[in-house]
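For the sequence shown, this note's numbering assigns the number 222 to the initial residue and increments by one for each residue that follows. C-beta atoms are modelled at their ideal positions from N, C-alpha and C, and glycine is treated no differently.
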Amino acid sequence: MSVIIDDLRRIEKLQSAPGKQIPPGMFEIQYATLHFAKPANEQPIGEFIQRIYLYEGMECTAVSGWIEIQDTWNLVRNGIILGQELLYLKFRTPESDFPVDFTQTPLLVYKIEDMQELRTTSGAPSQTTLTYKLHVISPEQVRSDRTRISETMQGSCSHLIKNILTKHIKTIKPMDIQETEELRHIIMPNVRPFQAITNYLVRNAQAQTKQTGGGDFGGGGATSNSVFKGNRVTDFYFYETTKGYKFKSTQQLFDPDMFFTIGTTPATP
Numbered sequence: 222m223s224v225i226i227d228d229l230r231r232i233e234k235l236q237s238a239p240g241k242q243i244p245p246g247m248f249e250i251q252y253a254t255l256h257f258a259k260p261a262n263e264q265p266i267g268e269f270i271q272r273i274y275l276y277e278g279m280e281c282t283a284v285s286g287w288i289e290i291q292d293t294w295n296l297v298r299n300g301i302i303l304g305q306e307l308l309y310l311k312f313r314t315p316e317s318d319f320p321v322d323f324t325q326t327p328l329l330v331y332k333i334e335d336m337q338e339l340r341t342t343s344g345a346p347s348q349t350t351l352t353y354k355l356h357v358i359s360p361e362q363v364r365s366d367r368t369r370i371s372e373t374m375q376g377s378c379s380h381l382i383k384n385i386l387t388k389h390i391k392t393i394k395p396m397d398i399q400e401t402e403e404l405r406h407i408i409m410p411n412v413r414p415f416q417a418i419t420n421y422l423v424r425n426a427q428a429q430t431k432q433t434g435g436g437d438f439g440g441g442g443a444t445s446n447s448v449f450k451g452n453r454v455t456d457f458y459f460y461e462t463t464k465g466y467k468f469k470s471t472q473q474l475f476d477p478d479m480f481f482t483i484g485t486t487p488a489t490p
């Protein structure tokens, strides 16, 4: 988090520097290559990328999005891009030390959309340049859609999630998984791996709550609006970020070293 704040402060200072303003949405491509069926067949596309849209959410099991391409080489028309390529991508905001890196864990191109010829200044269609969107998604999502689990599993939910990600999804991405303490015996009835995680394991996960004493706001204790069964937290999320997979509880604890400044009103002590 501190790295992101430092980057934002650096960008803020640049806004007042003449000739160095960074408009919203600006980015620098550090690496962008499409890999095709054969490992030796690859195509740099960094100079063609106009915009990048990536989406991640706490209710999404995969990172997805699209990139807008202005293709002067007619890669689609020449029959190279088919919609099953891997995209190795790395980009960052100017002056930032916090890049989005998919060079070790590439994205999968699964759809080409809105393909049309670029319009010239006179309004006529260009014969040499195409514009289109390359839709991308995590390969693990496609692998999950093509795989089924039919077996009996036993152990904690956190252990079973790690097992599914490594054994069935075969991911090499980092995993930030909160340990749970329950013991489950679950029969997976021919379900997809991500469906098994979200429909069975996330719903049954339980972890011990952390009580460090103090009040609701100052001592790091659990807030009154958390959902508990006895002294266990039961609400969890499983999702993917650009940094890997996360399995976390919804319980929010206050950092004793973090301070907040609030407005002074009669109703706010």
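Taking C-beta to C-beta, are residue 427 and residue 455 nearer than 8 Å? Yes. Within cutoff.
Would you report the Cα separation of residue 459 and residue 467, rounded to the nearest angstrom? Spanning the two alpha carbons is a distance of roughly 6 Å.
With a threshold of 8 Å, are at least 3 pairs of Cβ atoms found where one atom belongs to the region 277-289 and the other to the region 336-350? no
If you scan the region 380-405 from start to end, which runs of the beta strand (DSSP E) of 3 or more residues do you find wholly inside it? 396-398
Determine the direct distance from the alpha carbon of residue 297 to that of residue 390, and round the result to whole angstroms. A straight line joining the alpha-carbon of residue 390 with that of residue 297 spans about 30 Å.
Over what stretch of residues does the beta strand (DSSP E) that includes residue 470 continue unbroken? 465-470
Among 386, 387, 379 and 406, the one whose alpha carbon lies nearest that of residue 398: 379
Nearest to residue 321 by CA position, among 371, 253, 469 and 230, is which residue? 253
Should the region 264-272 be regarded as contacting the region 325-342, the criterion being three or more beta carbon pairs within less than 8 Å? no
Are residue 264 and residue 275 close, meaning C-beta to C-beta below 8 Å? no
Excluding the 5 residues flanking residue 453 on each side, which residues of the same chain have their C-beta closer than 7 Å to its C-beta? 427, 428, 429 and 430
Which residue marks the beginning of the beta strand (DSSP E) containing residue 268, and which one marks its end? Element bounds for residue 268: n/a, residue is neither H nor E.
From residue 377 to residue 404, what distance separates their C-alpha atoms? 5 Å
Integer-rounded CB distance, given that residue 277 should sit under 8 Å from residue 462: Under the criterion of beta carbons closer than 8 Å, residue 462 and residue 277 qualify as touching, at roughly 5 Å.
Are residue 409 and residue 370 close, meaning C-beta to C-beta below 8 Å? yes
Look at residue 315 and residue 247 and say whether their C-beta atoms are less than 8 Å apart. yes
How many angstroms separate the CA atom of residue 162 from the CA atom of residue 360? With the chain covering only 222 through 490, there is no way to say anything about residue 162.
Continuous beta strand (DSSP E) stretch holding residue 335: start and end: 328-340
In whole angstroms, what is the alpha-carbon distance linking residue 373 and residue 412? Using only the alpha carbons, I get a separation of about 12 Å.
Looking only at C-alpha atoms, which of 291, 386 and 402 sits nearest to residue 419? 386
State the DSSP-derived secondary structure class of residue 456, mapped to helix, strand or coil. coil
Nearest neighbour of residue 249, chosen from 262, 302, 305 and 310 [CA to CA]: 310
Closer than 7 Å by C-beta to residue 402: which residues in its own chain qualify, once you throw out the five before and the five after it? Chain order, please. 377, 427, 428 and 429
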